[in-house]
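Per mature numbering (1 follows the signal peptide of the UniProt record, and there is no 0), the sequence shown runs over residues -36 to -1, 1 to 192.
Backbone N, C-alpha and C fix where the C-beta goes; we use that ideal spot for every residue, glycine too.
Reviewing the structure listed below.
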Amino acid sequence: MPCCSSARPIDGPAGRRRAMRALAATLLLAAGAASAALESPAADPVQLVLQRRSEGLFLSARLPLELSPAVEEVLRKGVPLHFLWKADLIQSRWYWLDKTVASVARTVRLAYQPLTRRWRLSYANGTPGASGLQYGLHQNFDSLDDALLGAGHVSNWKLVDAARWRSAGEQRVEFSFALDLTQLPRPFQLGLFNQSGWNLSLQKTLEVPEAVGNEAEPAADSSAEGDA
C-alpha cells in the first residue's frame, strides 16, 4: 500500500493552510531554477504605440509573454496570476519637479479552470488588491498561449480624457507592466523572495505626440527587465 495513503484529510482552515504550504514548498523547488520571462525576440518584439486624438491620449500595446514550466504548474494547481498595467502622464518642468498629470492602472487576472481545462482572463481598472476592485470583463481561452496573448495585449487604452488634459510643454508617458507577486498566497511570497526567476517586468518611456493623429513609440533609453 502506498505510504501516502495514511495522510490526514484536509479538514478545516488549518488543514487547508498545511496543504497550501506543502504545495508552495513543492513548486518552489522547481521554480528556483526556472524563469518567467517577458521575451522580445526579433520576430515578435514588444509593441507600444501612443496616439493623441481629439478625445484624449490612448495607448495600444502587444507584449510577448512566456511563462516557465514551473510558473505554469503553479497556475494549473489553482493559483492565479495578476498582471499590473500602469501608465503615468508626466509634465516636464524646468523650474520644479516634474508633475504627474494623470495616472491609470489596470489589472489582468489569469487563472486555470481544472473542470473545463480552460484558461480565464479577468480585467479590472485599478491595481491588484485595491479596495473596491471589480472585474467587469472575462474571457475564456482553450490554450495558455492564447490566454497569454490576451494578457499581454491592450488596444486604445485611454490614459487621459481631453476634457481634463491641458497639454502644454514637454510631456511623456512612463509605462510599466509587471507580474504582481504580492497577490500570490503568503507561502509563495516568502519562498520567492529575491528569486529572479519570478521577475516579469517591463518599463518604457514614450514622448507624447505634439499633434492630433500622430503616434509615438518608445524612447531610445527605455529599458526592459525579465529573465530569458
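DSSP three-state label for residue i, please.
{"i": "A111", "result": "helix"}
{"i": "A66", "result": "strand"}
{"i": "T146", "result": "helix"}
{"i": "E171", "result": "strand"}
{"i": "V38", "result": "helix"}
{"i": "R136", "result": "strand"}
{"i": "A75", "result": "strand"}
{"i": "R128", "result": "helix"}
Determine the extent of the beta strand (DSSP E) in which residue i is found, giving its start and end residues.
{"i": "V124", "result": "H117 to D125"}
{"i": "Q103", "result": "L101 to F105"}
{"i": "V13", "result": "Q11 to R17"}
{"i": "R82", "result": "R82 to N89"}
Leaving aside the five residues before and after residue i along the sequence, list all residues of the same chain whose C-beta is less than 6 Å from its C-beta, in chain order.
{"i": "E189", "result": "With a pLDDT of 42 at E189, under the threshold of 50, the predicted position of this residue should be treated as unreliable, though the coordinate-derived value follows. Cβ neighbours of E189 beyond the five flanking positions: S165."}
{"i": "V118", "result": "A25"}
{"i": "D110", "result": "none"}
Could you check if residue i is buried or exposed, using at least 16 other CB atoms within 10 Å of its CB as the buried criterion?
{"i": "K67", "result": "Just to set this straight, residue 67 is Ser in the shown sequence, not Lys. The residue in question, S67, is exposed, as its Cβ has fewer than 16 Cβ neighbours within 10 Å."}
{"i": "R16", "result": "buried"}
{"i": "L112", "result": "buried"}
{"i": "W49", "result": "buried"}
Looking only at its chain, what residues have a beta carbon closer than 7 Å to the beta carbon of residue i, apart from the 5 residues adjacent to it on each side?
{"i": "R82", "result": "N104, F105 and D106"}
{"i": "E134", "result": "S56"}
Q: Would you check if there are 3 or more beta carbon pairs closer than 8 Å linking the region 70 to 79 to the region 34 to 54?
A: yes
Next on the checklist: Under 8 Å: do the region 21 to 35 and the region 95 to 103 share three or more Cβ pairs, one atom per stretch?
Outcome noted: no
Tell me whether the region 8 to 16 and the region 104 to 112 touch, counting them as touching only if at least three CB pairs, one residue from each stretch, are closer than 8 Å.
no
query: Do the region 124 to 139 and the region 84 to 96 touch if we need at least three Cβ pairs shorter than 8 Å?
result: no
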